[in-house]
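What follows is a single structure, written as structure tokens, with notes after it.
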């Protein structure tokens, strides 16, 4: 059906945009944004049931599971053990063995604790999980995660929710060059051009939440992101021109009409 | 002190003390709490309990239970 699908762990996605479900003004806006984005995979968090407030509205009611695959995350986990427990719980709720693995190392930046992340990846891969780890734009940790069995690697563009865009494009390019699993830029995207840049660098996909959910018009931004990712991917596959130091004229040199002579006596016309 | 003839047990449920009348299965506990078992996952003393084991897993005095579900997240 699609000529250039994203394939992760043998599963095919026709969209290279993965979207979160957090921070939307309402579940309805979220559902509309998901539809506009064309996404086929969304992330969810795993949290305690509120035993005192039992309002009937459930997030899952607003996710079209015919079209969209649910990817539980381990957001908010600061140790490998908690991330592993959360991944196992997520598997029980969602009945899939996929997990976006996050082990956070710092509260302010939400940067990953890669030591614990690597350990948790090994354990969960051993238990049959399809592990998509959120990590730094560090080619070394990405290689280690891939060797540990991660089904994809997800280097951040910039801190979660920061909207700073791709802070280290060269590293993303290096990670893509060395990886044999898909590379999904996850975190930090702020606007459409950031997503396009990630795809032009060769990323296989982009994961974002805040950029859409907190935009003034989330549905419009979702559409913008969809188009940006398609455009960036096409540009990447089209093979861009190299960057040059100086100009290279686009129009031919031959066949120009004779320029008017600058010396005295030259006639400028009737 | 509990009323005569009844034993009142206390478990830790989602981080808070919770009284149960006696040992109770996960299924019964969820029913008591009016929670749909299909949209949650349950941890009993740090072990994730598979849905098919809810009827057989018994929660007792002093046990820790976590009941979670999916919420919005990135």
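Residue numbers (the working numbering), protein chains in the order written: chain A, 1 to 270; chain B, 1 to 74.
From the three backbone atoms N, C-alpha and C, an ideal C-beta is built for every residue, glycine too.
Contact under 8 Å by Cβ, residue i with residue j
i, j, result
"residue 119 of chain A", "residue 80 of chain A", "yes"
"residue 29 of chain A", "residue 218 of chain A", "yes"
"residue 78 of chain A", "residue 101 of chain A", "no"
"residue 67 of chain A", "residue 213 of chain A", "no"
"residue 66 of chain B", "residue 43 of chain B", "yes"
"residue 60 of chain B", "residue 13 of chain B", "no"
"residue 222 of chain A", "residue 33 of chain A", "yes"
"residue 167 of chain A", "residue 139 of chain A", "no"
"residue 226 of chain A", "residue 37 of chain A", "yes"
"residue 247 of chain A", "residue 195 of chain A", "no"
"residue 41 of chain B", "residue 68 of chain B", "yes"
Chain A within 8 Å of residue i, Cβ atoms only
i, result
"residue 58 of chain B", "no"
"residue 33 of chain B", "yes"
"residue 21 of chain B", "no"
"residue 51 of chain B", "yes"
"residue 46 of chain B", "yes"
"residue 41 of chain B", "yes"
"residue 62 of chain B", "no"
"residue 65 of chain B", "no"
"residue 68 of chain B", "yes"
"residue 24 of chain B", "no"
C-alpha gap between residue i and residue j, whole angstroms
i, j, result
"residue 64 of chain B", "residue 237 of chain A", "53 Å"
"residue 215 of chain A", "residue 11 of chain B", "43 Å"
"residue 200 of chain A", "residue 230 of chain A", "10 Å"
"residue 207 of chain A", "residue 18 of chain A", "4 Å"
"residue 349 of chain A", "residue 59 of chain A", "The structure shown does not extend to residue 349 of chain A, since chain A spans only 1 to 270, so no value can be given for it."
"residue 270 of chain A", "residue 250 of chain A", "With a pLDDT of only 49 at residue 270 of chain A, under 50, the local geometry of the prediction cannot be trusted, and the value read off the model is given with reservation. Their backbone Cα atoms lie some 33 Å apart in a straight line."
"residue 91 of chain A", "residue 72 of chain A", "8 Å"
"residue 24 of chain B", "residue 51 of chain B", "16 Å"
"residue 54 of chain B", "residue 13 of chain A", "34 Å"
"residue 1 of chain B", "residue 70 of chain A", "Only weak support is given to the placement of residue 1 of chain B: the predicted model assigns it a pLDDT of 48, under 50, and the question is left unresolved by the model."
"residue 48 of chain B", "residue 98 of chain A", "16 Å"
"residue 172 of chain A", "residue 153 of chain A", "11 Å"
"residue 10 of chain A", "residue 39 of chain A", "18 Å"
"residue 33 of chain B", "residue 191 of chain A", "43 Å"
"residue 55 of chain A", "residue 49 of chain A", "11 Å"
"residue 239 of chain A", "residue 220 of chain A", "29 Å"
"residue 260 of chain A", "residue 169 of chain A", "48 Å"
"residue 209 of chain A", "residue 256 of chain A", "54 Å"
"residue 8 of chain A", "residue 16 of chain A", "11 Å"
"residue 39 of chain B", "residue 56 of chain B", "19 Å"
Collapsed DSSP secondary structure at residue i in the structure displayed
i, result
"residue 186 of chain A", "strand"
"residue 164 of chain A", "coil"
"residue 180 of chain A", "coil"
"residue 97 of chain A", "coil"
"residue 114 of chain A", "helix"
"residue 43 of chain B", "strand"
"residue 230 of chain A", "helix"
"residue 201 of chain A", "coil"
"residue 92 of chain A", "helix"
"residue 72 of chain B", "strand"
Distance between beta carbons of residue j and residue i, contact taken as under 8 Å
i, j, result
"residue 93 of chain A", "residue 72 of chain B", "14 Å between Cβ atoms; not a contact."
"residue 126 of chain A", "residue 113 of chain A", "At roughly 19 Å, the Cβ-Cβ gap does not stay under 8 Å, so residue 126 of chain A and residue 113 of chain A are not in contact."
"residue 175 of chain A", "residue 137 of chain A", "7 Å"
"residue 159 of chain A", "residue 110 of chain A", "6 Å"
"residue 183 of chain A", "residue 203 of chain A", "5 Å"
"residue 146 of chain A", "residue 181 of chain A", "5 Å"
"residue 130 of chain A", "residue 155 of chain A", "At roughly 18 Å, the Cβ-Cβ gap does not stay under 8 Å, so residue 130 of chain A and residue 155 of chain A are not in contact."
"residue 187 of chain A", "residue 163 of chain A", "Going by Cβ atoms, the distance from residue 187 of chain A to residue 163 of chain A rounds to 10 Å, so no, they are not a contact pair."
"residue 124 of chain A", "residue 87 of chain A", "5 Å"
"residue 6 of chain A", "residue 128 of chain A", "Wrong, their Cβ atoms sit about 22 Å apart, outside the cutoff."
Beta carbon proximity, residue i to chain B, threshold 8 Å
i, result
"residue 45 of chain A", "yes"
"residue 75 of chain A", "yes"
"residue 252 of chain A", "no"
"residue 163 of chain A", "no"
"residue 92 of chain A", "yes"
"residue 58 of chain A", "yes"
"residue 49 of chain A", "yes"
"residue 24 of chain A", "yes"
heavy atom of the ligand GDP below 7 Å from residue i C-beta
i, result
"residue 122 of chain A", "Among the ligands in the structure shown, none appear at all, so the ligand GDP cannot be discussed."
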